[in-house]
Every structure is written in C-alpha cells, then in structure tokens.
Amino acid sequence: MARDLEEYLRPEIRSTPFCPGCGHGILMNLILRAIDELQLSMDEMLFVSGIGCAAWIPSPHFNADTLHTLHGRAIAFATGAKMFNPKLKTLVISGDGDLVSIGGNHLIHAARRNIDLTVICANNMIYGMTGGQVASTSPLDALTSTTMEGNVYRPFDLCKLVLGAGAPYVARYSVTQPLSLVKAIEKSLSIKGFTFIEVLSPCPTQFGRRNRYDSPVDMVKMLIESCISREEAEQLTAEELKDKIITGEFSDGEP
Ligand SMILES: Cc1ncc(C[n+]2csc(CCOP(=O)(O)OP(=O)(O)O)c2C)c(N)n1
Ligand SMILES: [Mg+2]
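Just so you know, we're using my numbering here: the sequence shown kicks off at 38 and counts up by one.
This is how it looks when you write it as structure tokens:
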C-alpha cells in the first residue's frame, strides 16, 4: 500500500471482531487497497453498513465518516446521504442477510433507479452474527441452525437479481481471488451509477463447521476449487456446473 494503514483505520481500534478464518477481514483489507490504488481521500467518502458481522467491516474501523444503520436499511440510509451530499463517494458494505434477505427490496430498487452507490455484499451464505440461521443465499441442502435437515429452498443468484433490476456494473469474486477483486472494486468506484460486487467470504464458524468443512482451510480450499471464470463456465455442462461458482464481471458499467 502506498499510504500508511494508520491513515485508513481509527488508531483507537486495535482488533477486529472477526472469527479465525472469516473472510470479512480479507475483504476489509482489499477495499482499502482499492481506495489506496485510486488515491481517494477518506474525507470524500462515506461508508454505510447495516447490521451483521460484515457490517463491522467499515464501522467503526475506517477512519472516515461511517453510518452503522438498521438491519436491512443500509441502502436506504445511503440513498438519503447521497441525496444530501452527492459529492460524497458512497459505499455500502454489508452482509448477504442484510442486503438481500431483509434488505432485498431496497437493493433491487436502488439498482433500478441507478442510484450512484457502490454496494459490496459480503456473502458468507448465512446469517453469521446471529447464530447461523438460513439465509436467502444459503445453498440447497445447507445445514444451518434453522435447517437442521437441510435447506429446502434454492438460493438467490445475487448477480442475476441485481442485473435483472438494471444495475450497470455487476461482478462476483471470492476473497480467494484478491487481485481480481481489488480491480473490480477500483472499477466500481470509478463508475458513476449503481455498482454491485458480490464477494464470497468464508464463515467457518457458522457455515463451515455444520457443512463438512472441518477447518477454515477446508472452506478456503472449497472456494478456490468452486470458483471458475465465466469463460471456463461456458465449456461446462449444466451437471458439471452444479457445484461451481461463476466469477467475473457480468455487466461492464454501461447503463
Ligand atoms: C429488524 C431486525 N431483524 C433482525 C435482526 C437480527 N439480525 C442482526 S444481524 C442479522 C443477520 C446478519 O446476516 P448477514 O447480513 O448475512 O451478516 P453476517 O453476520 O453473516 O456477516 C440478523 C438476522 C435485527 N438486528 N434487526
Ligand atoms: Mg451473512
């Protein structure tokens, strides 16, 4: 990083709340790297989050204006803040439960209205902070604290959902693809309009231990093996794609 980390983080915060093996800390680092690459000033940025482990990524750690809001309402707060001060580069960073389960309606309408926000969704496929309940992103058959015999519902494809709602820039990467992810965050911050990045983030504590991943390393290995590019996906049959996660850019920023 070109600038000192101290410039980005509040000096009084000495640790993060994330469990061992959680991907949210990696995402936090990669967001700061993208900001550093673009030489953006933290004084010109606003970070908005809802409630959940992922909501702790910007707040209270980032040495900038942060709004830690209500569960599911981060995008609504961010829209209001953006209206009040359109010059602020406004980033929403929150979890899958927050942004897509309880907050799903705000997400699709902000995409439809092309509000000038960057939304980064840390998708750990579960409600992490509250004890591992099933989310609208949990895979079919996933074992969670509320689906002890397996999740019977299909998960949302977040990128397709937001793309369908009209977002001009949509991408998906895993924290195990740090270089591509930093580039995508940089791109999303450079585009005027609604930009959305889904970030796969391992949750060994609530998801992994219930779903045959004995250690945090096993969850990382699963992500490395499952994540394939769009080009690779085109070569595979529907059966071969069953356990794969397609990553890349799904729309390139043109409204
Ligand atoms: C209105 C309301 N409903 C429910 C909750 C409880 N709650 C807090 S965080 C959360 C889930 C967070 O999941 P996610 O956004 O995926 O974040 P993670 O902890 O997995 O990173 C829930 C259900 C709440 N705080 N407010
Ligand atoms: Mg979650």
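Glycine included, C-beta positions come from ideal geometry on N, C-alpha and C.
A quick note: this is a predicted structure, and the numbers were derived from the prediction, not measured.
_Nearest by alpha-carbon distance to L42: which of L83, M82, M185 and H98 is it?_
As a first step, residue 42 is located in the sequence shown; it is residue number 5 there, counting from the start. Per the Cα distances, H98.
- prompt: Of all the options A118, P215 and R51, which has the alpha carbon lying nearest to the alpha carbon of A71?
  reply: What you label residue 71 is simply residue 34 of the sequence shown in a count that begins at 1. The closest CA to that of A71, considering only A118, P215 and R51, is found on P215.
Taking the alpha helix (DSSP H) that M256 belongs to, which residues open and close that run?
Taking the first residue of the sequence shown as position 1, residue 256 is located at position 219. First-last of the alpha helix (DSSP H) with M256: P253 to S263.
Could you check which residue in L125, P176, L180 and K258 has the C-alpha nearest to that of G58? Along the sequence shown, read from residue 1 onward, the residue named residue 58 stands at position 21. Between G58 and the set L125, P176, L180 and K258, the nearest pair of CA atoms involves K258.
At the level of alpha carbons, what is the spacing between A39 and W93? Looking up residue 39 in the sequence shown gives position 2. Looking up residue 93 in the sequence shown gives position 56. So the alpha carbons of these two residues sit roughly 24 angstroms apart.
**Study point:** Those runs of the beta strand (DSSP E) which lie wholly inside the segment 150-191 and span at least 3 residues
**Key:** If we require 3 residues or more, the beta strand (DSSP E) runs fully inside the segment 150-191 come out as 155-160.
Query raised in the report: How about the segment 170-188 and the segment 122-142: do they share at least three Cβ pairs that are nearer than 8 angstroms?
Result: For the pair of segments examined, the segment 170-188 was found to touch the segment 122-142: the number of CB pairs separated by less than 8 angstroms reaches three.
Check whether the Cβ of I68 sits closer than 7 angstroms to any heavy atom of ligand 2, and report yes or no.
-> Along the sequence shown, read from residue 1 onward, the residue named residue 68 stands at position 31. No, since every heavy atom of ligand 2 falls outside the 7 angstroms radius drawn around the Cβ of I68.
> By a C-beta neighbour count over all protein chains shown, 10 Å radius and 16 as the cutoff for buried, is K279 buried or exposed?
Replying inline: Here residue 279 corresponds to residue number 242 of the sequence shown, with the count starting at 1. Exposed is the call here.
Checklist entry - What does E286 pair with, by DSSP beta-bridge criteria? => result Here residue 286 corresponds to residue number 249 of the sequence shown, with the count starting at 1. Partner(s): A208.
So, helix, strand or coil for G141, using DSSP?
-> Counting from 1 along the sequence shown, the entry for residue 141 is found at position 104. Here G141 sits in helix by DSSP.
- Query: Where does T232 fall in DSSP's three states?
  - Reply: For the purposes of this step, residue 232 is taken as residue 195 along the sequence shown, with counting starting at 1. Three-state DSSP puts T232 in a strand.
Apply the 10 Å Cβ neighbour rule to I50 and answer buried if 16 or more other Cβ atoms are within range, or exposed otherwise.
Here residue 50 is taken as the residue at index 13 of the sequence shown, counted from 1. With fewer than 16 Cβ atoms within 10 Å of its Cβ, I50 is classed as exposed.
*Do the segment 59-79 and the segment 217-226 touch if we need at least three Cβ pairs shorter than 8 angstroms?*
Counting Cβ pairs under 8 angstroms, three or more are found: they touch.
Checklist entry - Which whole-angstrom value describes the C-beta separation of S211 and C264, a residue pair presumed to lie in contact below a C-beta threshold of 8 angstroms? => result Your numbering for residue 211 matches position 174 in the sequence shown. Your numbering for residue 264 matches position 227 in the sequence shown. 5 angstroms between Cβ atoms; contact.
Backbone CA spacing between R47 and D102 [nearest angstrom] = To locate residue 47, count along the sequence shown from 1; it is residue 10. To locate residue 102, count along the sequence shown from 1; it is residue 65. R47 and D102: Cα-Cα distance of roughly 11 angstroms.
Checklist line | From I282, G230, M65 and D255, residue whose alpha carbon lies closest to that of P123 | finding: Your numbering for residue 123 matches position 86 in the sequence shown. Residue nearest to P123 within the set I282, G230, M65 and D255 is G230 (criterion: CA-CA distance).
query: Under 7 angstroms from any heavy atom of ligand 2, does the C-beta of N161 make it?
result: Residue 161 sits at position 124 when you count from the first residue of the sequence shown. Distances between the C-beta of N161 and the heavy atoms of ligand 2 include at least one below 7 angstroms.
| Within the present structure, is the beta-carbon of I88 separated from the nearest heavy atom of ligand 1 by less than 7 angstroms? | Within the sequence shown, the letter at position 51 stands for residue 88. I88: yes, Cβ under 7 angstroms from ligand 1.
Query raised in the report: Comparing the CB of G109 with every heavy atom of ligand 2, is any distance shorter than 7 angstroms?
Result: Reading the sequence shown from its first residue, position 72 is the one you call residue 109. Not a single heavy atom of ligand 2 lies less than 7 angstroms from the C-beta of G109.
Please indicate yes or no: does the CB of I139 lie closer than 7 angstroms to some heavy atom of ligand 1?
The count along the sequence shown starts at 1 and reaches residue 139 at position 102. The answer is yes for I139.
*From the DSSP output, which residues share a beta bridge with H105?*
Locating residue 105 in the sequence shown gives position 68, counting from the first residue. Checking the DSSP bridge columns, you'll see H105 partnered with S86.
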